[in-house]
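Worksheet for the structure shown next.
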Amino acid sequence: MIELDITILFAGVIAGAAPIVLAALGETITEKAGLINLSLDGSILLSAMAAFAVAFETHSLLAGFAAGALVGALMALTVAVFSIYLGQNQVAVGFVLTLMGRDLAYFIGNPYSRIQGPQVKPLAVPLLDKMLFIGDVFFHHNLPVYFSLLLILLCWWYVYHTPYGLKLRSVGEHPRAAFARGINPKRLQLLYAICGGLMVGLAGATFSLATKPGWGRPQGAEGTGWIALALVIFGGWNPVRAAIGAYLFSFLQVLGIYLQGWFPSVPAQVFQVAPFPLMIFTLLIMSVAQKESVQIWAEGKAHVKALLNMFSGMAPSALGKPYRPE
Amino acid sequence: MNTSRTNLILPLIQQSRHALVTVAAVFFFTSLVLIIAGAPPLAAYYHIFKGSLGSWIKFSHVIKSWIPLTLCACGLLFTFRIGLWNIGIEGQVMMGAVFTTAVLRLGLESQMPALVILGSILAGLVGGALWALFAGFLKTKGGVNEIFAGLGLNFVAQGVILWLIFGPWKRPGVASMSGTEVFPPALWLPQLASIRLSLPALVIVCLALIVTALILRYTKIGLYLKAIGNNPSAAYLFGLKPARNMVLAMIFTGGFAGVAGSLQVSGVYHRLLPAISSNYGYLALLVAMLSNYNIWLVPLVALFFACLNVGSIQLPMALQLDSSLSGVIQGALVLATLGVHAWRRQRAEVRGQKAEDPSSL
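Note that the protein sequences, when read in sequence, are chains A and B. Residues in the first sequence are numbered from 13 upward in steps of one, following the numbering used here. Residues in the second sequence are numbered from -4 upward in steps of one, following the numbering used here.
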């Protein structure tokens, strides 16, 4: 029987969610501009490998994170160029890169498997870490975790409260109208694909240098990219809600570890795959909640309506449809 | 104006030139990856070649992986035709394998093994189709994107297999990742010792190719799938039912995938393994894309992919490299093909505009 310590539980949730938050935020930004980068799962693995390998060779964590971010950006750039400038199906390109990124990571990362390498050290925030409960949950982590917390606010502020964010949303909602206002939709989409890719790359680097230090086959980050893609939908293309989704997911993961200890008779495999049917179920509820008949049924039921609103969120209108000038 | 003769020859020259550019790009990229990994590129290619086509035994392994790959890619033509991304095919292969194992286990004491094997293949078909039906309903009735529904179900199927191997179907004694207990040889898919290949499996693949070609080309279903895939809203106005046809396409794909999984159990491993699907479903998506959704190119591309897969198994032994190089080459091939295709189209557009300009004056 494992003792349930609320403080440790929540601190674990915040730390474990860091890479997922980064990936979900990156993909939200990219999709807000109208482009789907389906390559997330492969991108995360390849950037995790690159980050670990570079940090190992150079003994510099900073170089490791930079390499991870660069790899993520390159993958996103490939999807963006193929879809925006070459007119290819972005789902197809993204899927190919998902598989290829994983295989590339296993292939090039082979010599770095199961070796001790550098990893990020915890760094408590002075003063703030002395706070009761909050100090233990939020301020006893490492830099990538603080960065992920900070980035949530930054993304939200950028998307909804700056003129650049307005342009970003306009390109995703109505590229033609944006073009009429003097915005170049193609260039902006390319830019935000790269920005999103940088964050996804950082997510990979956070995996191999902080959350699950080291490299191997499997690394342990497999499947996270798909979860992050689903979280974007769950978040209704809102960075804050996507991040909340990431914390919920991380909470379930941590809870799974406890549950395994409490119910040893249930095979471990059940807890390992549990997030995925849950993902389907959540997407199902989201889709049903937006149905017209359900909306009409909820009319006049204040509580139900509030609950439904929690699950609503419209995709950017031009998502997945690259801009083509007439 | 061109003469009709140059019209015939020109595309052929262009086609081969584009193929050459594609292959050169892939060769360059893969060699670069090998150099980054610190491996001699030419030696790696040589080992892949020798490991796949070097002897009849190795080639029989190639055919063994060509069979599920072709079956899956064949099935995927249905879902691609209607515009669906059936990433769930991997799980459909696994469920086919699970259903087959269930029937074979029931028939352990049977006096008519041939009947049991036949029943197990049918069960595999049903298992794959049911799993696909699930994803299809999630898409059409639940509004869940088929990519996420399928992917989630893949993980669930993997969980089911692991649970079965470590739970109800575990080996007497100790359960392990090596799978369930091996079936008695009477329940193995018959294999010709002289060529080390299973004739029934080859017949099934040939049937699958012919059936797919016939359905897609000559039946109403094929026409409906194409019409809906090309323009869903117009098809709806014509009275076609996109949702129903999508589910139908999913069932077809799932059935083919289920049979592939079934043959993996009864013809290759003779037991249920955690890695029974061996990524063939995901790989088949690449095969279908690279064949440009053309049924007659599917077996050829699948053969090439199977060669890469089997050949790269030599790499860890010979050069201490990871065998995932095959996946790198396969992905690079698809990407390069997409890129060259786009480049060709853009050049054609530019040329078309130039040709139009004088007439508009």
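Ideal placement from N, C-alpha and C gives every residue a C-beta, glycine not left out.
Using a 10 Å radius around the Cβ and a threshold of 16 neighbouring Cβ atoms, would you call residue i buried or exposed?
i         : result
B/Lys134  : buried
A/Lys303  : exposed
B/Lys136  : exposed
A/Tyr204  : buried
B/Gln106  : exposed
B/Tyr277  : buried
B/Ala109  : exposed
A/Gln231  : buried
A/Leu320  : buried
B/Phe54   : buried
B/Tyr219  : buried
B/Leu356  : In this prediction, B/Leu356 has a pLDDT of 38, which is less than 50 and means its spatial position is unreliable; what the coordinates show is noted afterwards. Answer is exposed; the Cβ neighbour count stays below 16.
B/Asn(-3) : Only weak support is given to the placement of B/Asn(-3): the predicted model assigns it a pLDDT of 45, under 50, and the question is left unresolved by the model.
A/Asp17   : exposed
B/Met241  : buried
Between the beta-carbon of residue i and the beta-carbon of residue j, is there less than 9 Å?
i        : j        : result
A/Ala88  : A/Ala75  : no
B/Pro63  : B/Tyr275 : yes
B/Leu66  : B/Val198 : no
B/Phe143 : A/Ile245 : yes
A/Ala60  : A/Leu210 : no
A/Lys142 : A/Pro328 : no
B/Gly86  : B/Phe150 : yes
B/Ile246 : B/Ala124 : yes
A/Val1   : A/Asn49  : What is shown of chain A runs 13 to 338, which leaves residue 1 of chain A out entirely.
A/Trp274 : A/Gly325 : no
A/Val316 : A/Ile164 : no
A/Gln284 : B/Gly154 : yes
A/Arg188 : A/Tyr335 : yes
B/Gly73  : B/Leu211 : Looking at the sequence itself, residue 73 of chain B is Phe, so the reference to Gly does not match. Against a cut-off of 9 Å, the Cβ pair of B/Leu211 and B/Phe73 comes out as a contact.
B/Gln315 : A/Asn122 : yes
A/Gly80  : A/Trp227 : no
B/Ala331 : B/Phe24  : yes
A/Ile26  : A/Val157 : yes
B/Val93  : B/Ala38  : no
A/Pro201 : A/Gly106 : The residue asked about is misnamed: residue 201 of chain A is Gln in this sequence, not Pro. No.
Name the DSSP beta bridge partners of residue i, please?
i        : result
B/Leu192 : B/Leu187
Residue i touches chain A at which residues, Cβ-Cβ below 8 Å?
i        : result
B/Leu292 : Those within 8 Å of B/Leu292 in chain A number zero; the least Cβ separation is about 17 Å.
B/Tyr277 : Leu111
B/Ala144 : Ile292 and Leu295
B/Gln106 : Simply none; closest approach about 35 Å.
B/Met359 : A question about residue 359 of chain B goes unanswered here, because the residues of chain B that appear run from -4 up to 356.
What distance in whole Å lies between the Cβ atoms of residue j and residue i, which are believed to be in contact at a cut-off of 8 Å?
i        : j        : result
B/Val323 : B/Val28  : 6 Å
B/Leu258 : B/Ala196 : 5 Å
A/Tyr124 : A/Arg229 : At roughly 10 Å, the Cβ-Cβ gap does not stay under 8 Å, so A/Tyr124 and A/Arg229 are not in contact.
A/Val183 : A/Ile195 : 6 Å
B/Val296 : B/Ser286 : 5 Å
B/Val139 : A/Leu295 : 5 Å
B/Ile112 : B/Leu184 : 6 Å
B/Met90  : B/Gly122 : 4 Å
A/Leu37  : A/Ala255 : 6 Å
B/Ala279 : B/Trp61  : Incorrect: roughly 11 Å between the Cβ atoms, too far for contact.
A/Ala35  : A/Gly235 : Between A/Gly235 and A/Ala35 the Cβ distance is about 12 Å, and since that is not below 8 Å, they are no contact.
A/Thr40  : A/Gly247 : 6 Å
B/Leu148 : B/Pro269 : Incorrect: roughly 17 Å between the Cβ atoms, too far for contact.
B/Thr248 : B/Ala127 : 6 Å
For residue i, return the contacting residues in chain B, with the cut-off set at a CB-CB distance below 8 Å.
i        : result
A/Ile120 : Val28, Ile31 and Ala32
A/Ser299 : Gly137, Gly138 and Val139
A/Asp11  : Past the edges of chain A, shown from 13 to 338, lies residue 11 of chain A, and the structure says nothing about it.
A/Leu73  : Neighbours of A/Leu73 on chain B: none; closest Cβ ~22 Å, over 8 Å.
A/Gly235 : Phe150
A/Phe94  : Leu330, Leu333, Gly334 and Ala337
A/Ala62  : Chain B residues near A/Ala62: none, gap ~11 Å exceeds 8 Å.
Cβ of residue i within 8 Å of any heavy atom in the ligand GTP?
i        : result
B/Thr332 : Because no ligand of any kind appears in the structure shown, any question about the ligand GTP cannot be addressed here.
Can you list the residues of chain A that residue i reaches, using a CB-CB cut of under 7 Å?
i        : result
B/Gln153 : Val285
B/Val323 : Met112, Asp115, Leu116 and Phe119
Under 9 Å Cβ-Cβ, which residues of chain A neighbour residue i?
i        : result
B/Val296 : Near B/Val296 there are no residues of chain A at all, since even the closest Cβ is about 14 Å away, more than 9 Å.
Mind pulling the chain B residues with CB within less than 7 Å of residue i?
i        : result
A/Trp238 : Leu146
A/Phe288 : Gly147, Phe150 and Val151
A/Val108 : Leu281, Gly326, Val329 and Leu330
A/Phe151 : None at all; the shortest Cβ gap to chain B is about 35 Å.
A/Val339 : With chain A covering 13 to 338 only, the question about residue 339 of chain A has no answer from this structure.
Interface residues of chain B around residue i at Cβ under 9 Å?
i       : result
A/Gly99 : Ala337, Arg340 and Gln341
A/Val66 : Within chain B, no residue comes near A/Val66; the closest Cβ sits about 12 Å away, beyond 9 Å.
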